[in-house]
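Chains as they are written, first to last, in this note's numbering: chain B, 36 to 225; chain Y, 36 to 225. Just so it is clear, CB atoms sit at the ideal spot from N, CA and C, and this is done for glycine as well. As structure tokens, the structure follows; a few thoughts come after it.
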């Protein structure tokens, strides 16, 4: 028989999933723990059992994504050529975007979430390293502009409309546009 | 002597300017009329004298921009060739972005502001017509993807970091990247 006790192990994840959806829909500042409780049909105390604040919930939401972003940046930074560094950062970022379609736009564009992210991880967040990597293929002043447009464009495009594309199709489309922006050659099929 | 009465004619504009800055910094949902009053060092009643709600303030803020966007779309739609339609939409949009660096990211990415915008102007907001115009240069499925990345990239890139570039320089840089994304030829200098 399914009881509250049986459900407990995954209820934390349910809160996280609903939080991402509401942050995306209403912005971080516009989402309260009460709204998350209402959306799940539970009491606010049930949310408090796992998360004592909206900030703690956002921290839990972004933890895995921050780890993946850090790993991608570190792997990209040790590639041997400028082209390989930019290509590795681009493909890794697109993978993160595709697998976190609702969350990435919140982290890139939601000012409340960005402020908290910087408070948690210091003012030197990942943006500078990510942009520097993406700009590798063009050392001139336009390299940095292209990198910024690529990050904003790839993160923001999926948020502009509901996007129910298959992961592989979306990944391939974003990769094609990302390479076009950055001036990266399409690798020959192996 | 400078008095409150002398200042009155432009105080409405001061509220609008401060509102844009706070919407950009804290998101629309995270900005209260009280915060706008505090930022200007006036009473909340002084804000209420001009705007009875955050929503009314946003409406005043975006009015001129919506008019400019509508005019750009209508002009672009009557251009004779697909290339000219895309090029006209791109240059017009970039001009709006450059002249409204703080406000455009709020309108494109802030979910609270977007919801209000749709409530005011109907679910058929400008996005669809804008995307269709930008996609003119590539009738295949990638045309729409490129258009979305262009809108998000051009609107979002300036918000990712403080950007103090001169208007003409920024316009030229965004135009170069925008044409690259959409596959538009750079016009020969006249």
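Contact between residue 182 (chain B) and residue 184 (chain Y) does not hold, since the beta-carbon distance rounds to 14 angstroms and is not under 8 angstroms. Look at residue 161 (chain B) here: in three-state DSSP terms it is coil, with no helix or strand label.
In the structure shown, residue 62 (chain Y) adopts coil according to DSSP, grouped into three states. Scanning its chain for C-beta atoms nearer than 7 angstroms, with the 5 sequence neighbours on each side dropped, one finds around residue 95 (chain B) the residues 51 and 86, in chain order. Close to chain Y, meaning a Cβ-Cβ distance shorter than 7 angstroms, are the following residues of the stretch 156-179 of chain B: 162 and 177. In the structure shown, residue 223 (chain B) falls within a coil segment according to DSSP collapsed to helix, strand and coil.
Residue 52 (chain B) is outside the set of residues whose beta carbon lies under 8 angstroms from a beta carbon in chain Y.
In the three-state reduction of the DSSP assignment, residue 116 (chain B) falls in the coil class. Only 140, 143, 144, 145, 146 and 147 from the stretch 121-147 of chain Y bring a Cβ to less than 8 angstroms from some Cβ of chain B. Here DSSP, grouped into helix, strand and coil, assigns residue 96 (chain Y) to helix.
The shortest CA-to-CA distance from residue 60 (chain B) to any of B:112, B:213, B:151 and B:138 is the one to B:138.
In the structure shown, residue 87 (chain Y) adopts coil according to DSSP, grouped into three states. Taking 8 angstroms as the cut-off, the Cβ atoms of residue 129 (chain Y) and residue 189 (chain Y) count as close. The beta-carbon distance between residue 82 (chain B) and residue 71 (chain B), rounded to whole angstroms, is 6 angstroms. This is short enough to meet the 8 angstroms contact definition.
Distance from the Cα of residue 222 (chain Y) is smallest, within the candidate group Y:118, Y:80, Y:100 and Y:109, for Y:118.
Under the three-state reduction of DSSP, residue 137 (chain B) is assigned to coil, being neither helix nor strand. The stretch 55-69 of chain B and the stretch 140-159 of chain B touch, with no fewer than 3 CB-CB distances between them shorter than 8 angstroms.
Taking the C-beta atoms as reference points, residue 151 (chain B) is found no nearer than 8 angstroms to residue 209 (chain B). If you look at residue 148 (chain B), you'll find it in the alpha helix (DSSP H) that goes 146-156. For residue 184 (chain Y), the nearest CB of chain B lies under 8 angstroms from its own CB, placing it at the interface with that chain. Remark: C-beta atoms of residue 217 (chain Y) and residue 172 (chain Y) approach each other more closely than 8 angstroms. The Cβ of residue 74 (chain B) sits no closer than 8 angstroms to any Cβ of chain Y.
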